[in-house]
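Enquirer:
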């Protein structure tokens with residue numbers, strides 16, 4: 292089974308995220324560039340202890356909500372995760388540090404934007420999410436953003452046989468509706484600059500039996516004011532990963548997700564991750 296190797300080892304990654312949401316008169320695009328450092332702190336037979344340090348964050352969106360969210364990255368300056376052998380987040384080891392960080396973030400938000408109703412609503416909503424506790428926060432972080440790429444659940448595979456399946460749930464994908472996916476992956480061996488990699492190519496489909504179609508249908512009717520709408524979502528999932536065979540570390544990854552109800556709703560998310568200084 293493929294496992295990370297090298298306690299104390301670190302890698303610096305850069306990730307570009309592109310998002311595009313279209314619903315009615317709303318058409319929002321954003322591109323973010325995030326640089327972060329991953330360190331394997333410790334390891335047992337059942338889990339890995341991994342620190343993620345945010346080094347820089349930039350985005351193109353200028354709307355108020357995006358600017359508020361940009362300040363939240365102070366919370367992510369340094370997080371320590373315990374992950375299972377498949378790479379799924381199990382807990383945030385330094386979760387108890389977050390309330391003090393959140394207090395500093397709030398002070399910075401009010402200093403930057405003043406005491407507006409929009410900011411007040413944003414702060415109240417995020418405060419409530421933290422009050423739900425560590426397990427709720429872990430659930431909200433799974434399979435999203437840099438953590439969704441780094442902790443995709445795609446490592447820890449057995450390369451024989453060369454095909455495997457993963458089930459994934461993206462929380463709060465549409466409002467508070469989760470998106471359940473089934474990911475089918477195929478494993479290949481490739482050489483690049485005399486370095487051997489496990490190359491994983493994956494496609495995903497909507498897990499229709501687990502998708503809350505009734506709630507989604509009501510939501511689409513509410514936002515479109517169309518009561519005879521039968522919104523059948525079209526989902527495209529494409530993913531690629533390169534893991535070094537020598538130590539199990541991720542060297543490159545891409546994730547693409549498109550969720551569309553034609554002429555009604557479209558949500559497109561793309562992640563592209565590379566080593567900032569690729570190992571030769």
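Residue numbers (our numbering): 292 to 571.
The beta-carbon is built from N, C-alpha and C at its ideal position, and this holds for glycine as well.
Small disclaimer: the values here were computed from a predicted structure and weren't measured.
When burial is assigned at 16 or more other CB atoms within 10 Å of the CB, is residue 440 buried or exposed?
Expert: For the purposes of this step, residue 440 is taken as the residue at position 149 of the chain shown. Looking at its Cβ environment, which holds 16 or more other Cβ atoms inside 10 Å, residue 440 is buried.
Enquirer: Who are the near neighbours of residue 333 in its chain, counting only those whose CB is closer than 7 Å to its CB and skipping five residues on each side?
Expert: As a working mapping, residue 333 is identified with position 42 in the chain shown. Closer than 7 Å at the Cβ level, and outside the excluded window around residue 333, lie 298 and 340.
Enquirer: Taking contact to mean 3 or more Cβ pairs, one atom from each stretch, closer than 8 Å, check whether the region 320 to 333 and the region 300 to 312 are in contact.
Expert: Output reads yes: the region 300 to 312 touches the region 320 to 333.
Enquirer: Using the Cβ count rule (16 or more neighbours within 10 Å means buried), how would you classify residue 485?
Expert: To locate residue 485, count along the chain shown from 1; it is residue 194. With fewer than 16 other Cβ atoms within 10 Å, it is exposed.
Enquirer: For residue 455, which residues in the same chain have their Cβ closer than 7 Å to its Cβ, ignoring the five residues on either side in sequence?
Expert: Indexing the chain shown from 1 puts residue 455 at position 164. Correct list, in chain order: 448 and 476.
Enquirer: Do the region 516 to 529 and the region 552 to 559 meet, that is, are 3 or more Cβ pairs less than 8 Å apart?
Expert: yes
Enquirer: So, is residue 443 buried or exposed, given that buried needs 16 or more other C-beta atoms within 10 angstroms?
Expert: Reading the chain shown from its first residue, position 152 is the one you call residue 443. The residue in question, residue 443, is buried, as its Cβ has 16 or more Cβ neighbours within 10 Å.
Enquirer: Check whether the Cβ atoms of residue 400 and residue 410 sit closer than 8 Å, and answer yes or no.
Expert: Here the question's residue 400 lines up with position 109 in the chain shown. Here the question's residue 410 lines up with position 119 in the chain shown. A contact, by the Cβ cut-off of 8 Å.
Enquirer: Can you find at least 3 beta carbon pairs, one from the region 510 to 517 and one from the region 530 to 539, that sit closer than 8 Å?
Expert: no
Enquirer: Kindly identify the DSSP beta-bridge partner or partners of residue 476.
Expert: The count along the chain shown starts at 1 and reaches residue 476 at position 185. Bridge partners of residue 476: 455 and 493.
Enquirer: I need the straight-line Cα distance from residue 381 to residue 293, nearest angstrom please.
Expert: Translated into the one-based positions of the chain shown, residue 381 becomes position 90. Translated into the one-based positions of the chain shown, residue 293 becomes position 2. Those two C-alpha atoms are separated by around 19 Å.
Enquirer: Identify, in the order they occur along the chain, each residue of the same chain with its Cβ nearer than 8 Å to the Cβ of residue 503, setting aside the five sequence neighbours on each side.
Expert: Counting from 1 along the chain shown, the entry for residue 503 is found at position 212. Within the same chain, residue 503 has close Cβ partners 468 and 469.
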